[in-house]
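As they're listed, the protein sequences go chains C and B. In this note's numbering, each residue carries its 1-based index in the first sequence increased by 395. In this note's numbering, each residue carries its 1-based index in the second sequence increased by 395. All residues carry an ideal CB built from backbone N, CA and C; glycine is no exception. Notes for the one structure printed next.
Number of protein chains: 2
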Amino acid sequence: MRLTNYFLPTLREIPAEAQINSHRLMLRAGLIRQASAGIYSWLPLGYRVLQKISDIVRREQNLTGAHEMLMPTLQLAELWKRSGRYEAYGPEMLRIKDRNERDMLYGPTNEEQITEIISDTIYSYKNLPKILYHIQWKFRDEVRPRFGVMRGREFLMKDGYSFDLNPTSARASYNKMFISYLRTFARMGLKAIPMRAESGPIGGNMSHEFIILAETGESKVFFHSDYLRFDPLKEKVDYSADLSKDVALWTELYAATDEQHDEALFREQVPPEKQHEGRGIEVGHIFYFGKKYSDAMKAEVLDSNGDMVGLEMGSYGIGVSRLVGAIIEANHDENGIVWPAPVAPYNVGIINLKIGSKECDEISEDIYARLKEARVDVLYDDTDARAGAKFANMDLIGLPFQVIIGPKGAQKKLVEIKTRATGERIECGVSDALCKLMA
Amino acid sequence: MRLTNYFLPTLREIPAEAQINSHRLMLRAGLIRQASAGIYSWLPLGYRVLQKISDIVRREQNLTGAHEMLMPTLQLAELWKRSGRYEAYGPEMLRIKDRNERDMLYGPTNEEQITEIISDTIYSYKNLPKILYHIQWKFRDEVRPRFGVMRGREFLMKDGYSFDLNPTSARASYNKMFISYLRTFARMGLKAIPMRAESGPIGGNMSHEFIILAETGESKVFFHSDYLRFDPLKEKVDYSADLSKDVALWTELYAATDEQHDEALFREQVPPEKQHEGRGIEVGHIFYFGKKYSDAMKAEVLDSNGDMVGLEMGSYGIGVSRLVGAIIEANHDENGIVWPAPVAPYNVGIINLKIGSKECDEISEDIYARLKEARVDVLYDDTDARAGAKFANMDLIGLPFQVIIGPKGAQKKLVEIKTRATGERIECGVSDALCKLMA
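The structure is reproduced here in C-alpha cells:
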C-alpha cells in the first residue's frame with residue numbers, strides 16, 4: 396500500500412479524552428475514530444488488525460473441530476425471559492422495541508439463542524458432542540464507557556458454545572477450549588496465563604479467565620513464575636486425545652487476579668523467588684455451567700438407553716476488539732505501538748527519505764514491488780513529508796520492520812533496516828534487505 | 396469436513412412459512428434458521444457461502460484501490476438530523492434509546508457517518524480521491540419481512556463511498572465501481588446487467604441497479620439480448636485508466652426493470668429478434684449524488700487555488716446476504732440448490748454408500764484425505780444413512796461435484812463422479828477422479 400493513496404489519518408496531538416495508552420495510541424495511529432460514547436469506527440489500518448486477530452481465532456477454533464456460524468445481533472426478549480436472564484441482566488442490556496412494538500435486544504451474549512437452535516435440531520446423543528462459535532458484534536450499555544475498545548459498548552467477541560451428553564464429555568470440551576485459548580493467544584505473540592475465576596452472570600461450576608500480562612493492565616495478578624517459561628506452542632496438539640494432563644499443567648500452580656487472590660495461600664504454595672506479581676488484562680473467559688440453560692430451555696436429547704437427558708453446556712469467549720487494545724497495552728513504548736508480527740497491520744514500512752531523488756525512488760519502488768510480489772504486507776511512505784515526520788509516524792504505527800532509503804546510502808545502493816521492537820538499525824544492500832524481510 | 400462431525404440440520408419437509416424457492420431451499424439445506432421475523436442465524440454451511448461471497452466482493456473492491464474499514468451498527472440520531480434524513484427515513488429506521496436516553500438508531504446505510512469521518516480527517520485536495528467501503532450488518536424494519544434473506548430486516552451489505560474534488564473525478568470513481576460491480580458478480584458465476592435506476596431515498600443525479608437474471612426473480616426486465624454475450628472478465632482492467640468507454644458499452648443498449656421500462660422506446664431502439672424479456676433480482680445499486688451530503692454536513696477541502704470546496708460523493712451497495720438468496724433463485728432445480736463453483740460452501744461431496752465395507756471406506760478415506768491435502772473444500776458423507784437419503788441430501792445442498800463410492804465399483808477400484816448442474820455421471824478410477832476434481 397502506498398501511503399499517498401491510503402486513508403491513514405494519524406494525529407499529532409494526544410487526544411484529551413483518552414485516559415490509557417492503548418486508547419491514545421489507537422486514536423493517534425489512525426486505527427479508530429469514536430462514533431459515539433463507547434462506539435468506534437475502525438479505519439483501514441485498525442480494521443486490518445481486527446481481521447488478523449479474528450483470523451487467528453478462527454484458525455485455532457477450527458483446529459479443535461468447532462464450527463463457525465453467525466447469529467444475528469438482535470434477539471427476541473422472549474428468549475431471554477425463558478432463561479430468566481431478561482430482568483436479571485439489568486440496564487447494561489440494550490432493550491429495543493421494533494415498529495410492531497415487539498420487545499427485542501442487542502445481544503450481549505448468545506447462550507439462549509444457540510441453545511434454542513440446538514434444541515430445535517439435535518435430538519440424539521449420536522449428534523454430540525458439538526462446539527459452535529461465531530465472531531459477532533455485541534452490545535453492553537456501559538453506564539460510563541471508557542478506555543477505548545477495552546471497555547466499549549459495541550464490541551466484537553468470539554463466543555463459542557459446547558453441547559455434550561454428560562459431564563465427562565463436557566469436561567473434555569472445556570479442556571479443548573482451554574488448550575486452544577492458550578495457543579490462540581500465543582499465536583498472537585502474547586503471553587496468556589489462565590486464572591481460576593468466578594462465573595458471574597453466566598453462572599456455572601467452573602470458569603477460567605485468560606489474562607495477558609501488561610504493565611498498564613487493569614488488574615493486579617499474582618502467579619507462580621514458572622508459568623512464564625511454559626510454551627503452549629511447543630508441541631502439536633491432538634484435540635481428539637485426553638487433554639486433562641495438559642490442562643493440569645496450566646492449572647496446578649498458583650495464579651489469581653486480585654479479585655480471587657488469597658495472599659496466605661500464595662505465600663504457602665509458591666516459593667518466595669517464584670512469587671510473581673504484575674498487572675494483566677482479561678482477554679478470554681471460559682465457563683462450564685452444566686444444565687443451567689438446557690434445563691430452562693428444555694434442550695434435551697435421547698441417550699443410548701432411549702432416555703431424554705438435558706445437555707451439558709459450556710461457553711467460551713474471546714474479546715476480539717478488546718484484544719486490539721490489550722495487545723497495545725502489552726506492546727508499546729514512548730514512540731508508539733510495537734505490534735507483534737502476527738497481528739501487525741503491515742509487516743514492513745518503507746520510508747523513502749527523498750521523494751523525487753532518482754536513486755531513492757528507484758530503490759524504494761524496487762523493494763516495494765519485490766516485497767509485494769513475495770506477499771509481504773508492506774506500507775510504502777511515498778509522501779513528501781519531512782524525514783522527522785516520517786520516522787515519527789512509522790514508529791507511531793509500529794510495524795515490525797522499517798526500511799529506510801536515504802540519498803547518501805542510495806548512491807552506494809545501501810539501505811537501513813530498523814527493527815521497531817529493539818530500535819536496532821543495520822545498513823545493508825538491497826538484496827540482503829529483501830532476504831531479511833522475507834524471512 | 397466429515398458429515399458425522401458437522402452441524403448440518405437439513406429438513407425433509409418443505410417449510411410452510413417460506414413462499415419462494417430460495418427461502419425454502421435455504422431452510423431445507425440447513426443454511427439458515429429464523430431467529431425472529433426477518434432475522435436469521437447463519438448455520439455453518441450457509442455461513443461459508445456468506446464468507447465466500449464477502450471475500451469475492453472484498454477482493455474486487457480492493458483491486459479498484461478502495462479501502463476496507465468498518466463502521467459500527469449503531470449510530471447517533473444527531474448525525475441523521477444534520478443530513479435531514481432522520482425524520483424522512485420513516486418507520487423502517489429502527490430507533491433506539493440507550494440507558495442515558497440518548498437517541499440512536501441501527502444503521503440502514505452510512506452516508507452520514509462516513510461523511511463525518513472524512514470531513515474530520517481530509518482537509519486538502521491532495522488526499523483525494525478516496526473510496527472507502529465496509530461490509531457490515533444493517534437493519535431495515537420492514538413492516539412485513541418475507542422471502543427469507545432476500546428481504547430480511549437484519550442484512551449484510553457492502554456499502555462503499557467515494558469522495559472527489561470535482562464532478563469529472565467523481566464520474567471516474569463511479570465508473571470504477573460500475574466496472575468492478577460487473578466483475579464482482581461475474582466472479583460469482585452470475586450474469587448481471589446494469590440498468591438505469593431512480594435514486595430514491597439516497598438522492599442524486601445518476602444511478603444504476605445491477606440485476607441478475609433468474610426465472611423466479613422479483614422484477615420483470617427488458618433488455619437488448621447482446622448484453623447476454625458480453626463478458627466483463629474477458630480482459631484485465633486497469634482501474635487507473637479512463638473507463639468511460641467500458642461503461643458506455645454496458646449502458647448504450649436498452650435495459651430496464653418494469654419500473655423504468657418504456658415499451659415504445661424498447662421497440663424503437665431494439666430490433667425485434669434482440670428484444671429480451673425476463674425476470675431479475677437487484678443485487679447491487681450505485682449512486683452519484685454530488686454534494687447532497689457534503690453540503691449538509693460541511694464536508695469541504697481546500698482545492699489547489701486555496702478555496703474551500705464541497706466534496707463530490709457517490710455511494711455503492713452490494714446486498715451480500717441477499718446475494719445468497721438471489722444466487723439460489725438463479726441456480727436451483729427440483730432437487731435442490733446448484734451452487735456456482737466460486738460460492739459453493741464445499742466444492743466436492745463424497746458419498747460413501749456402504750460405511751463399514753472395507754473397500755468403500757478405504758477408497759472414500761483415501762479420496763477425502765487427498766482432496767483435503769490439495770486444499771479442495773470437501774464434505775464427506777460418512778454417515779450410515781440409506782443411499783437414497785444420501786443422494787437426496789447431497790443434491791439438496793448442491794455442491795458442484797459428487798464422488799459416489801459404492802460396493803460394486805469399489806471392488807473394481809471404480810468410483811462415479813456426478814456433476815450436480817448437469818446430472819451427468821461418469822465412472823472412473825480413483826486417480827482419474829482426483830485429477831478431475833482437482834482441476
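With distances taken from CA atoms, which of C:L638, C:E511, C:I723 is nearest T611 of chain C? C:I723
Identity of the residues DSSP links to K525 of chain C by a beta bridge: C:F558
Can you tell me where the beta strand (DSSP E) holding T814 of chain C begins and where it ends? 809 to 814
In the DSSP assignment, what are the bridge partners of D728 of chain B? B:G731
So, helix, strand or coil for Y617 of chain B, using DSSP? Position check: residue 617 of chain B holds Phe in this sequence, whereas Tyr was assumed. Residue state, collapsed to three classes: strand.
Assess, as a yes-or-no matter, whether the stretch 635 to 650 of chain B is touched by the stretch 613 to 627 of chain B under the definition of 3 or more beta carbon pairs within less than 8 Å. yes
Mark L840 of chain B as exposed unless 16 or more other C-beta atoms lie within 10 angstroms of its C-beta, in which case mark it buried. Residue 840 of chain B lies beyond the residue range present for chain B, which begins at 396 and ends at 834; the question has no answer from this structure.
Run down chain B in chain order and give the residues with a C-beta less than 7 Å from the C-beta of W645 of chain C. The premise fails here: W645 of chain C is roughly 26 Å from chain B at the closest Cβ pair, so nothing lies under 7 Å.
Option in C:L465, C:I491, C:E549 with minimal Cα separation from Q508 of chain C: C:L465
DSSP state of Y576 of chain B mapped onto helix, strand, coil: helix
Rounded C-alpha distance that separates Y763 of chain B from A651 of chain C: 45 Å
Quick check on this structure: which residue in B:I732, B:I792, B:I758 has the alpha carbon closest to the alpha carbon of G824 of chain B? B:I758
Would you call P666 of chain B buried or exposed, if buried means 16 or more other Cβ atoms sit within 10 Å of its Cβ? exposed
Unbroken beta strand (DSSP E) run spanning V642 of chain C, endpoints: Where V642 of chain C is concerned, there is no enclosing beta strand (DSSP E), although the alpha helix (DSSP H) it sits in stretches over 639 to 644.
Assign I799 of chain B to buried or exposed, taking buried as 16 or more other Cβ atoms, counted over all protein chains shown, within 10 Å of its Cβ. buried
Hey, G679 of chain C and F796 of chain C: beta-carbon distance below 7 Å or not? no
Could you spell out the range, first to last residue, of the beta strand (DSSP E) harbouring I676 of chain B? 670 to 685
Along the stretch 454 to 473 of chain B, what residues have a CB closer than 8 Å to any CB found in chain C? G460, H462, E463, M464, L465, M466, P467, T468, L469, Q470, L471
Determine whether the beta carbon atoms of T510 of chain C and M692 of chain C lie at a separation below 7 Å. yes
Three-pair Cβ contact test at 8 Å for the stretch 780 to 793 of chain B versus the stretch 737 to 746 of chain B: yes
Just the Cα atoms here: how many angstroms apart are K808 of chain B and C755 of chain B? 9 Å
Any beta-carbon of chain C closer than 7 Å to the one on W475 of chain B? no
Hey, would you say E549 of chain C sits closer than 7 Å to W532 of chain C, going by beta carbons? yes
With distances taken between CB atoms, is the gap from P740 of chain C to V444 of chain C smaller than 7 Å? yes
How should T579 of chain B be labelled, buried or exposed, when 16 other C-beta atoms within 10 angstroms of its C-beta is the threshold for buried? buried
Selected residue, minimal CA-CA separation from P589 of chain C, among C:E537, C:N600, C:R582, C:L608: C:L608
Residues in its own chain within less than 6 Å of I409 of chain B by CB, not counting five upstream and five downstream? R419
Between the Cα of G714 of chain C and the Cα atoms of C:R453, C:D698, C:R428, C:Q470, which residue gives the shortest distance? C:R453
Pairwise C-alpha distance: R494 of chain C and V538 of chain B: 7 Å
Given a limit of 7 Å on CB to CB distance, which residues of the stretch 412 to 444 of chain B reach chain C? R428, A430, S431, I434, Y435, S436, W437, L438, P439, Y442
I need the boundaries of the alpha helix (DSSP H) containing G804 of chain C, first residue and last residue. 802 to 806
My output table needs one value for G705 of chain C: the three-state DSSP class, helix, strand or coil. strand
Could you say which of C:M583, C:I434, C:V771 lies nearest to M545 of chain C if we only look at CA atoms? C:I434
Cβ of P503 of chain C within 7 Å of Cβ of S564 of chain C? no
Beta-carbon contacts of Y576 of chain C that lie in its chain and below 6 Å, excluding the five residues immediately before and after: F605, G679
The beta strand (DSSP E) that contains F786 of chain C, what's its start and end? F786 of chain C -> not in any beta strand (DSSP E); alpha helix (DSSP H) instead, spanning 782 to 792.
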